[in-house]
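Inspection log for the structure reproduced underneath, given as structure tokens.
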Amino acid sequence: MKNSILFLVASVLLSCAAFSQAPTCPNNQIYIHSGNSILSQQVPLPGPAIAIMNNLPAGSGGLASGPNLGFPAPNPTYWTTSGGTYWYYNGAGWTNTTHNTGNGAAVNIGCGGGFMYNLVGGTGQIYSYNGSGPGTLLVTLAGFAGGGPYDVVCDMAGNFFILKNTAPQSLSMYGPNGVLKCSWNLAASPISSAGGGFAIVGDKVYYHCNNTPAFYAGTIIPGNTTITFTAQAAIAAPSDFASCPVPIPTGTTIAPNGGTLSCTVPSLPLVAMIIPGGIGFPSNAVTASSLATCNYTWSGPGIIAGQFTPTITVNLPGIYSWTTCTGGCPGYSVTNSYTVIGQGAVITPTITAPICMSGNAVLSVSPNSATNTILWSGPGITSGQGTGTININTAGLYSVNITIPNSACAGTASVNVLANPTLSIAYSSLTVCAQNINNSPNTITLTPSGAMNYTLLTSNNYATSSQNTPPMVLTPIAPFSPNAVVASNTLIGSNGVCSATINSNFSILPNPVIAVAPPSASVCQGGNFTFNANGAATYIWAPPTGLNTTAGPIVVANPAVTTVYSVMGSSVGCNSPTQTATLTVMPIPTVNITPGTPTVCYGGSIGLTANTNANIFNWSPGTGLNTTTAANVIAGPTTTQSYTVTVSLNSCTNSAVVQVSVIVLPNLLTNVSQPVICSGDKSNITVNGASGYVWSPSTGLNTNAGPFVEASPASNITYTITGFNGVCTASASVFIEVVPAPAIVLSSPESQICAGKSTPIFVTGASNFTWTPSAGLSSTTGSNVVASPLVNTNYTVVGYNQSGTVICTQKMSYSVIVVPMAEAKVSPSVAICYGEKTTLTAGGGNTIIWTPTTGLNVGNGSGVVASPNVSTEYTVDVSYFGNCNGYNTVFVKVNPNPEVTAGRDTTINLDQPMFLSSSGTGTLTWTDGEEIMCRVCPNSQVFPQRNSCYTIETVNEYGCKAKDEMCIEVTKDFSIYVPNAFTPNGDGINDEFLASGYNITDFSMDIFDRWGEKLFSSKELTTGWKGMYKDILCEVGVYVYKISYKGLDGKKANKTGHVTLNK
């Protein structure tokens, strides 16, 4: 039973959750009101419970599903009450109608048939609401004095059902006027004092109470006044149920043979049907009248049979209405109407006939029932008079008259049958050439007759100038056959709508295809050539120039110049494409040889060129020639020789002759004063045996002509001397060897060395080397020596190159500086505490480097500051400008610091005991802070009267120290702690809801359920709620607590909140 005490939270409009949706009715769902959510539970079980929204108004009481009562909302929609007003779901959120429910406790609601009813469970008052104004008291039902579950379910006619689960139990149905219509007894339904709702889905009644089990279902059986309930599986605990309005029976009327009266349908049946609905009726289809318990009362203009039954027969158009009732409890009145349509008494015959005819034809008419009288008229009826079908042999106008004996129904129809035309075709010729080649005739004319209009349909091997307008000119089209083919056509002639066809043929002849062999040829000037043609019956050649004839397949040609001949062939009146044959007249080639009087030195050669327009060559004799078949040849005879060249162009030949003369060569003698020289020296060279001389190359020569030269080359060289007597020359060569002068390059990785050390010295640029002085050297010869002098020393090296007795030299010096060794000195090793610093020093040179650099302020210099995190050995590198290094080390030991923790900062109330609790290593002493009972104790009690901080210090065996601080805030704020959940399941853990605090007086605590009913009270801080109400453990849910108390400051405090009871 819902309580009338509600926590009401006003809200004008609540937003819609992302998954909210409006109901669809009818359905097999119970809508469960749970907290601020609506769940959709499918019945009968098992069935899923799906959350459809979670945004009910705060403090909402009751839930209904029904019509929107004219508000801008889905239809149907959800309804609830909150703050004493009606709320509806608008499709996106909740809207307050601002209409008062008439009673803030009337939170059990149901909706249907244009009305909302809300019940006060403690008094039995029923309030009615139609969407305008506040809810008004409709009736007060007897026997309602608390307990439940109570709820309201409506049907679509505005009746409402009330379930009463206290003794005496009942399910009652009341009309919209509040008058009792039906009542059922409840069997096997446990009496309960509270519950979560009641719903009717189909013929099933469902309710939820606070017993175990809690969910029950019973079936309403027509004619049975008792509903027997059985326990169902558990569902989500509701605070209310809602279900769709219960459907009610409705009526419909059918006309099995159609609803139209005519000459062929003078009467027809109408059948009344009841569409089931409401409680106690099956949802499947039922036979006509099976639900009715009253007679069927019909009204209408032409009822001839069946009054007071579900089926009547009528013979007049008009509106036919009926009324009946469904008996039992509840009972409903059902009514419906149907309109019958009437038509006139005119028969419209339909004649089926050809539009056009040739010879005989058949005509028929409908309707052609054997009982009808049928009379035909027309010019050519040969049989069938008096029946629905006649045969005719003449075109013309035919009529038919149909009457129905003993009836006013009659009708007439006519049809005009036309005659088809007679066609003929005339051709200008029955053959045609395929193509208009060389004026071949390739069109013919077709002339039709016998009709007014024509259409010519052609085969695909020719085209027509017009398909519809005579005469039609026919022309063959590609692709063309190499053989004669038959072309066909169909001529369609028409006179208006009537037409006839005729077929005809003609022949398409191929144009001959000829070939000329060969298509091209050539002859030397003055020669003859024969051409052959084939592929046709006759031929014509042109031009006649040089031909022996212009007719026939074979001709002989002898033109003076190149000529192109044309030939055309003919067969059966069709000409071929023109073919051509080209005869090229080739000229006799011209030829001469250059040079005309060639001369060559003995052992030499000369080029001879045949100047001609020919392309084939033959030289003879071949003696001294590099080739005999080219236009250009090289001739190198040892004695004077005559040569003949024969040339050919397109098989036409000609020749020419030339003589080559041979001259004797000169003999050269040379002399060299010095064949080997140093680079930069000179040598004299002379030559004789010719009348003139040329020297090459001229590099290093004082002149390049004459019998005497001075040579001073930079490198080895061979000179060539060319001597000449007239046009003939001879040559000789002289080799001068040049020994290169040394180009010494000295290098060493170090110009300075530490005392007692050595350095290599490298030299390049000559073949041989000697070194002085020998002191400190590993060797006095060679390109690589090692110097280890005791003092600064300047070394001299002589490099030389030699060829035979010729020697070329160069001298160079290199100094080695000797530097003394550095001696590293460093300060003594030292110990420090972790985090401290110390200074380290070093000397013995002018460059000092420290490693590692970890913990050092700098990595070089004579003094550094060290602060390593761990013990570290440092190495010092001392040198003179990075040379002659010396090394030493120093050790810095890092001792650990002690550890100490004073404790975390805290807040206490004034006069509340407080203990300091520190921890750490070494000797601990409290150095700062007031009211400390023992300063050398790690754990000591303090008595602060104001905010204070306390410092603890420790010293370890290395003398290293550490400190820490904690602070205490002193207040007079004595608060109270309230948990938000407990589990009274008897397991000894969190079984009781208790508040706790320090210096708390005047304590009181009250516990309420969601409807405001007080469940528990306590005046003691140590006495809590164990989740019981009247010795019964309460349901899992959220409850409200209200606590008041005084703190140390004497001020009164109140605290209100929610606590969750779990199990």
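Residue numbers are given in this note's numbering: position 471 of the sequence shown equals residue 486, and the series is strictly consecutive.
Using N, Cα and C, we set each Cβ at its ideal position, and we do this for glycine too.
Just to confirm, does residue i get its C-beta within under 6 Å of one of the non-hydrogen atoms of the ligand FAD?
i	result
E1050	Inclusion of the ligand FAD in the displayed structure is not the case, the ligand content being empty and no account of it being possible.
Could you pull out every residue in the same chain whose Cβ sits closer than 7 Å to the Cβ of residue i, ignoring the five residues on either side in sequence?
i	result
P332	L276, V355, I356, G357
P271	P284, V286
N145	L84, G129, F130
T490	N457, T458, Y477, A478
L152	G117, Q140, Y142
I405	L378, W391, I396, S398, G399
From the DSSP output, in three-state form, read off residue i for me.
i	result
N454	helix
T718	coil
S766	coil
L805	coil
F958	coil
N435	coil
N192	coil
Y103	strand
Q594	strand
Q322	coil
C340	strand
Q689	coil
G295	Legend: pLDDT at G295 = 44, less than 50; position of this residue unreliable, value from coordinates given subsequently. Of the three classes helix, strand and coil, the one that applies to G295 here is coil, per DSSP.
S384	coil
K1078	coil
A368	coil
Using a 10 Å radius around the Cβ and a threshold of 16 neighbouring Cβ atoms, would you call residue i buried or exposed?
i	result
K179	buried
G212	buried
S789	exposed
E945	exposed
Y101	buried
F777	exposed
P262	buried
R1025	buried
V432	buried
I832	exposed
C513	buried
H48	buried
C949	exposed
L445	exposed
F8	Because the chain spans 16 through 1078 in this model, residue 8 falls outside it and cannot be assessed.
T181	buried
T402	exposed
Among residues of its own chain, excluding the 5 on either side of residue i, which ones have a beta-carbon nearer than 8 Å to its beta-carbon?
i	result
S694	A729, S730, V753, V754, P755, A756, C823
N453	M583, N590, S591, P592, T593
State the beta-bridge partners of residue i as determined by DSSP.
i	result
Y658	V673
G901	V893
Q825	G814
K1057	D1021, T1071
P41	P41 is not bridged to any residue.
M601	C539
Y353	Y335
Report all residues from its chain with a CB closer than 6 Å to the CB of residue i; omit the five preceding and five following residues, and keep chain order.
i	result
P38	S80, P91
I177	S187
G1042	P999, L1048, C1049, L1076
Y189	F175, L195
I250	Q56, F230
L390	N416
S727	K697, G715
I269	V286
**Message:** Quick check on the DSSP output: what are the complete beta strand (DSSP E) runs of length 3 or more inside the segment 992-1045, in order along the chain?
**Reply:** Within the segment 992-1045, the complete beta strand (DSSP E) segments of 3 residues or longer fall at 1016-1023, 1029-1033, listed in chain order.
**Item:** Secondary structure, beta strand (DSSP E): runs of 3+ residues fully inside the segment 472-542
**Value:** You should have 477-479, 487-491, 500-510, 513-524, 530-532, 535-539.
**Item:** 3 or more residues per run - each beta strand (DSSP E) lying fully within the segment 724-799
**Value:** Within the segment 724-799, the runs of beta strand (DSSP E) at least 3 residues long that lie entirely inside it are, in chain order, 732-740, 743-754, 760-762, 767-769, 774-779, 783-787.
**Message:** Please give me, in chain order, every unbroken run of the alpha helix (DSSP H) with length at least 4 that falls completely inside the segment 127-189.
**Reply:** The alpha helix (DSSP H) runs of length 4 or more contained entirely in the segment 127-189 do not exist; there are none.
**Item:** Length-filtered (3 minimum) beta strand (DSSP E) runs lying within the segment 825-853
**Value:** For the segment 825-853, the full-length beta strand (DSSP E) segments reaching 3 residues or more read 845-848 along the chain.
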